[in-house]
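As numbered in mature numbering (1 follows the signal peptide of the UniProt record, and there is no 0), residues -23 to -1, 1 to 516 make up the sequence shown, in order.
Ideal placement from N, C-alpha and C gives every residue a C-beta, glycine not left out.
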Amino acid sequence: MRWWQHRGVWMIMTITTISFVQAEDPKRFFDWRVTYGKISPLGHSQRVILINGQFPGPEIHSVTNDNLIINVHNDLDEPFLLSWKNSYQDGVYGTTCPIPPGRNYTYALHVKNQIGSFFYFPSLAVQKAAGGFGALRIFSRPHIPVPFPQPAGDFTFLIGDWYSQDDHKTLKALLDRGRKIPLPDVVLLNGHGLTFSTSFTVHKGKTYRFRISNVGLQHSLNFEILGHMLKLVEVEGTHTVQSMYTSIDIHVGQSYSVLVTMDQPPQNYSIVISTRFTETQYNVGSTLHYSNSKGSTFVPSRQPSDELDFSIKQARSIKTNLTASGPRPNPQGSYHYSRIKISRTLILESSADFVNKKQRYAINGISFVPADTPLKLADYFKIKGVFNVGSIPDMPSRGGMRLDTAVMGAHHKAFLEVVFQNPENTVQSYHLDGYNFWVVGMDKGTWSQASRRAYNLRDAISRSTTQVYPKTWTAVYVALDNVGMWNLRSEVWTRRYLGQQFYLRVYSPVKSQRDEYPIPKNALLCGRASNRQEIYITH
């Protein structure tokens, strides 16, 4: 795990021992065992990754400022590493040593100043294709108002594309040979792949919350409850303007919360999750079961045919609720991002090509290759030859694709404009660890300085993962208030595994625990850092 800080968030991975920093906040303890197991989502047995025998893994319920103490036993035959999505704890190899087979480690993280719907997942290789993921809910503290009444129920939907290969290592071997993985075989809903294999019981006249996360590898998905409207209320920890939708597109790595009122005749209605932007459509269904239902009703699907225009229009309509409180009493709109001077503009362009006759993906012409040592450890111990700051340019390169351990340098307190440019025919999805950013604009074509005239500089949504549609651009603003080594990656996992990522080294010459805590006493060391002597820190 990463052992650095964001706005006072203290995070540690230790060997069998636990370090507490926020002793005044509640502690929640978990003991997890990670194993292989067999499930049959497609009607035949497949080997998957289970946590405490569960697929998906256990759902964590917590409250803002809780300390989560999670002891993870790795009973796999390979290293394992969990990323706690949007809990400001990385859990990626560029910053963290994995848990070796047969060992256990204790994660201690403080979910300070966070609310909302998230998920955790394995970040090594393509283990995500085998499971090991689960939901994470962070509820508001009792005295912090929530901008909607308490729902009658709260449902989690972990949705994603799924593959029929018996083992995730088969997919990895295909990618390692420079080949693309095949199309998915099905879409899963909470581990189920058979249509209408699950149902959710509701009561007439009540309103329910549905938390939906796309935990898949590659494909955008559309969520729809036939005959019902979806009121969007939260996106990745930000309360939204409460707009109504017939269906919602959820791209890889994204999480949404919607409220649904049961205002239809008491029958059974279909919940439909379908792939988007694909020639062949895959879907999974579930049943919304009204209590005292008298049967089923057929409601035609309302998904539009103009996928791109519909999805862009919907994405632009998602905005921050400026009057709602976040994890603190002050309104979410109290941070006026439009008043900050941009200190640097990055234009990050995706590309696909063959290098040494193998499929690779890149950002600005650089296809990332992992180092033999986590980059943050190399940075801390000043180990030379692991990476070079500045090994990826700020703008697209026209000189072809090359391999490198790409690290971009940035100054603490800088305010960046980042433009994701997508010249390809597939939907991209990008995530920046350690931060939320404001999605200020998106449009078709190529970005130019004139594109800024259409930016939303008032109530752009704040989130950590954004889509970039085919032949379009997406612009975000991000305030670099979090010192560390941060992974900026494609959430389309095959692209990420084959190079579409880099690390952003946010640096401050002033060593202050307000910006970044020091390495903890029992941090795990590996690679070229494995022979370093144990570090003792006075907390």
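From residue i to residue j, what does the alpha carbon distance come to, in whole angstroms?
i	j	result
residue 507	residue 102	21 Å
residue 367	residue 384	6 Å
residue 189	residue 241	22 Å
residue 196	residue 161	9 Å
residue 306	residue 123	10 Å
residue 493	residue 118	26 Å
residue 301	residue 311	10 Å
residue 212	residue 133	14 Å
residue 339	residue 437	28 Å
residue 217	residue 309	10 Å
residue 159	residue 255	13 Å
residue 330	residue 455	29 Å
residue 505	residue 73	13 Å
residue 314	residue 394	11 Å
residue 263	residue 79	38 Å
residue 168	residue 193	11 Å
residue 468	residue 191	10 Å
residue 13	residue 389	42 Å
residue 44	residue 434	35 Å
residue 113	residue 104	19 Å
residue 502	residue 107	27 Å
residue 370	residue 129	51 Å
residue 19	residue 138	12 Å
residue 484	residue 32	39 Å
In the DSSP assignment, what are the bridge partners of residue i?
i	result
residue 308	302
residue 407	443 and 467
residue 265	177 and 246
residue 419	451
residue 47	7 and 84
residue 388	484
residue 139	163
residue 398	326 and 450
residue 346	Residue 346 pairs with nothing; no bridge assigned.
residue 296	437
residue 235	187 and 209
residue 215	212
residue 97	61 and 111
So what's residue i in DSSP terms, helix, strand or just coil?
i	result
residue 504	helix
residue 145	helix
residue 254	coil
residue 456	strand
residue 484	strand
residue 509	coil
residue 13	strand
residue 188	strand
residue 102	coil
residue 284	helix
residue 289	helix
residue 154	coil
residue 24	strand
residue 430	helix
residue 491	coil
residue 39	strand
Given residue i, which residues of its chain have a CB within under 7 Å of its CB, disregarding the five upstream and five downstream residues?
i	result
residue 76	49, 51, 56, 57, 58 and 82
residue 464	67, 69, 71, 410, 478 and 480
residue 258	251 and 252
residue 336	155, 156, 157 and 475
residue 391	320, 321 and 457
residue 364	348, 352, 355, 382 and 384
residue 63	Reliability of the predicted coordinates at residue 63 is poor, the pLDDT of 43 falling under 50, and no value is obtained from them.
residue 166	134, 136, 175, 250, 261 and 263
residue 372	324 and 341
residue 403	447
residue 420	428, 431, 449 and 450
residue 145	103, 104, 106 and 107
Looking only at its own chain, which residues have a Cβ that is under 6 Å from the Cβ of residue i, when we skip the five neighbours before and after it?
i	result
residue 109	26 and 99
residue 246	203, 204 and 265
residue 452	396, 417 and 418
residue 248	202, 263 and 265
residue 230	406, 408, 442 and 468
So, for residue i: in the same chain, excluding its five sequence neighbours on each side, which residues have a beta-carbon less than 8 Å away from its beta-carbon?
i	result
residue 35	7, 9, 28, 29 and 111
residue 533	Limits of the chain in this structure are -23 at one end and 516 at the other, which puts residue 533 out of reach.
residue 210	124, 125, 186, 216, 217, 219, 234, 235 and 236
residue 374	341, 342 and 343
residue 39	5, 45, 88, 113, 114, 115 and 116
Any heavy atom of the ligand SAM within a distance shorter than 7 Å of the CB on residue i?
i	result
residue 461	Summarising the ligand content, the structure contains no ligands, and the ligand SAM is consequently not present.
At least 3 beta-carbon pairs within less than 8 Å: the segment 287 to 302 vs the segment 213 to 222: yes
Would you call the segment 372 to 389 and the segment 333 to 348 touching, i.e. three or more CB-CB distances under 8 Å? Taking a contact to require three or more Cβ pairs closer than 8 Å, the segment 372 to 389 and the segment 333 to 348 qualify as touching.
Can you confirm whether the segment 226 to 243 touches the segment 175 to 194 when touching is taken to mean that 3 or more C-beta pairs between the two stretches lie within less than 8 Å? yes
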